[in-house]
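Okay, structure first, notes after.
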Amino acid sequence: MDWDIIYGPMLIGVFFNCILFGIMVMQTFIYYQTFKGDRAWIRLFIFYLIVAETVNTGCDMYLIYQPLVQEFGTSAAGTYFPMMLAASPIVTVCVSTPVQIFTAWRITIVTQRKVAAIIICTFSLLSFAAALWTGIQVVTLKLISRKLELEFIITGVTWLILSALADLIITATLVFSLLTRKKSRYTSSFLNLSIDRIIRLAIQTGLVTFLFSLADALLSIFTPKTSVWATANFVWDFSISKLYTNALLSTLNARVGWNNLNTAGDRDPDNVLFGDPTTGVAPQPVRHFPSSAGARRRFETTTIASDVTASSHELGFPVCKPEIAINVTKHVISDYSSDVHDSEVHDLVQQA
1 MDWDIIYGPM
11 LIGVFFNCIL
21 FGIMVMQTFI
31 YYQTFKGDRA
41 WIRLFIFYLI
51 VAETVNTGCD
61 MYLIYQPLVQ
71 EFGTSAAGTY
81 FPMMLAASPI
91 VTVCVSTPVQ
101 IFTAWRITIV
111 TQRKVAAIII
121 CTFSLLSFAA
131 ALWTGIQVVT
141 LKLISRKLEL
151 EFIITGVTWL
161 ILSALADLII
171 TATLVFSLLT
181 RKKSRYTSSF
191 LNLSIDRIIR
201 LAIQTGLVTF
211 LFSLADALLS
221 IFTPKTSVWA
231 TANFVWDFSI
241 SKLYTNALLS
251 TLNARVGWNN
261 LNTAGDRDPD
271 NVLFGDPTTG
281 VAPQPVRHFP
291 SSAGARRRFE
301 TTTIASDVTA
311 SSHELGFPVC
321 KPEIAINVTK
331 HVISDYSSDV
341 HDSEVHDLVQ
351 QA
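For the sequence shown, the UniProt record's numbering assigns the number 1 to the initial residue and increments by one for each residue that follows.
If you want it as structure tokens, here you go:
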């Protein structure tokens, strides 16, 4: 028995899963620190995804631990599927299906149409059912040598293809709706610039999940009928759920950049963890008030800390309480016209 051939792809897939889990944890930290004003159910939804992903990573780690440590050198390790392999597709769709349905709901808000959302939800729910059946088949078939049987392949490929189609429709619908809005003569230049960046983000995040699901399905379909390639698809399979969660979190966290762009031009956004990187002062909110001319009035407050205190600390001089502290506060009130509200960009970003 060649252990490298059977469990090598699985081990690589678990490595990718753990790496993406670390990225997801960092993105989650940024989200909860930055967007404390989001709706409570959205924050709870993110918490649910984190719990599900933690379970997924734990299952995958034990999946590879069982044959390579507990049962290493025994005939059972090369004969039967690892116990937790049955849980892998089930936990994966417990992440991918809610994310796809959440995105479909956001699409209905952007497009004001339900057709695309209904199609996405249909494909997503069908893929959920196929993944459940795939997990049941792992328990039923038991033997690794039976992985390439037609019945097992059809069920697994159905799950992956339906999920990939849902991702493709999501990406295509977002890009089409955003391009349509960009071509409108009533769209401001600020919104056009935001739309360009949102489109790039939608393509990058949506196509990654689509390509991984497609690669997993194609390897399952066109795998030669030998044990050499029997587990090659697991290189992609174990990472799919993490891609969905990271794609959603990256889209939510990107609102820092879009909102900053819409209110303050094309400058770099403040550091989401430590405030303004140039002054060390937390960014102040920009508030908008209606003016008599019909345009919106922007009120912005900028506070700059004393350079003397900061420089003394950086040079290593003893830190003592200064007798005079200098803080410069600038208030800017200006009228500017905009064809859309800031909330529109906020809604657009959440669709990508």
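For every residue, glycine included, the Cβ atom is placed at its ideal position computed from N, Cα and C. Small disclaimer: the values here were computed from a predicted structure and weren't measured.
The Cβ-Cβ distance between Phe128 and Val93 falls below 8 Å.
Minimum Cα-Cα distance from Ile6 among the listed residues Phe102, Ile144 and Ile50 corresponds to Ile144. Annotation: the continuous alpha helix (DSSP H) that includes Met26 extends over Trp3 to Thr34. Straight-line spacing of the CA atoms in Lys142 and Phe35 works out to 46 Å. For a cut-off of 8 Å, the C-beta gap from Ile119 to Ile169 is around 6 Å, short enough to register as a contact. Here Ser250 is not near Phe16, since their CB atoms are 8 Å or more apart.
By the neighbour-count criterion, in which a residue is buried when 16 or more other Cβ atoms sit within 10 angstroms of its Cβ, Phe210 is buried. The beta carbon of Phe123 lies closer than 6 Å to those of Leu162, Leu165 and Ala166 in the same chain, with the five residues before and after it left out. By the criterion of at least three beta-carbon pairs nearer than 8 Å, the stretch 53 to 66 is in contact with the stretch 75 to 94. Measuring C-alpha to C-alpha distances from Val95 to each of Ile19, Gly13, Phe81 and Leu132 identifies Leu132 as the nearest.
Its chain contains Ile46, Ile50 and Leu249 as the residues whose beta carbon lies nearer than 8 Å to that of Thr28, once the 5 sequence neighbours on both sides are disregarded; these appear in chain order.
Restricting attention to Leu243, Gly135, Phe234 and Leu252, the CA atom closest to the CA of Ile64 is found in Phe234. Scanning Thr155, Thr231, Asp60 and Val138 for the CA closest to the CA of Ile19 turns up Asp60. About 6 Å separates the Cβ atoms of Met10 and Thr231, confirming a contact at the 8 Å cut-off. In the same chain as Leu219, and ignoring 5 residues on each side of it, the C-beta atoms closer than 6 Å to its own belong to Ala232 and Asn233, in chain order.
Cβ-Cβ separation between Thr245 and Met24: approximately 5 Å, consistent with a contact (criterion under 8 Å). For the 8 Å CB-CB criterion, Ala130 and Thr155 form a contact.
Beta-bridge analysis with DSSP links Leu143 to Tyr80. If you look at Asn253, you'll find it in the alpha helix (DSSP H) that goes Ile240 to Asn253. With a threshold of 16 other beta carbon atoms within 10 Å, Val115 falls short and is exposed. DSSP places Glu151 within a helical segment (H, G or I) once states are collapsed to three. Close CB contacts of Tyr31 within its chain, under the 7 Å cut and outside five residues either way in sequence, are with Ile46, Leu249, Leu252 and Asn253 (chain order).
Here the C-alpha atom of Leu207 lies approximately 15 Å from the C-alpha atom of Phe176.
Taking a 10 Å sphere around the C-beta of Gly73, we find fewer than 16 other C-beta atoms and assign the residue as exposed.
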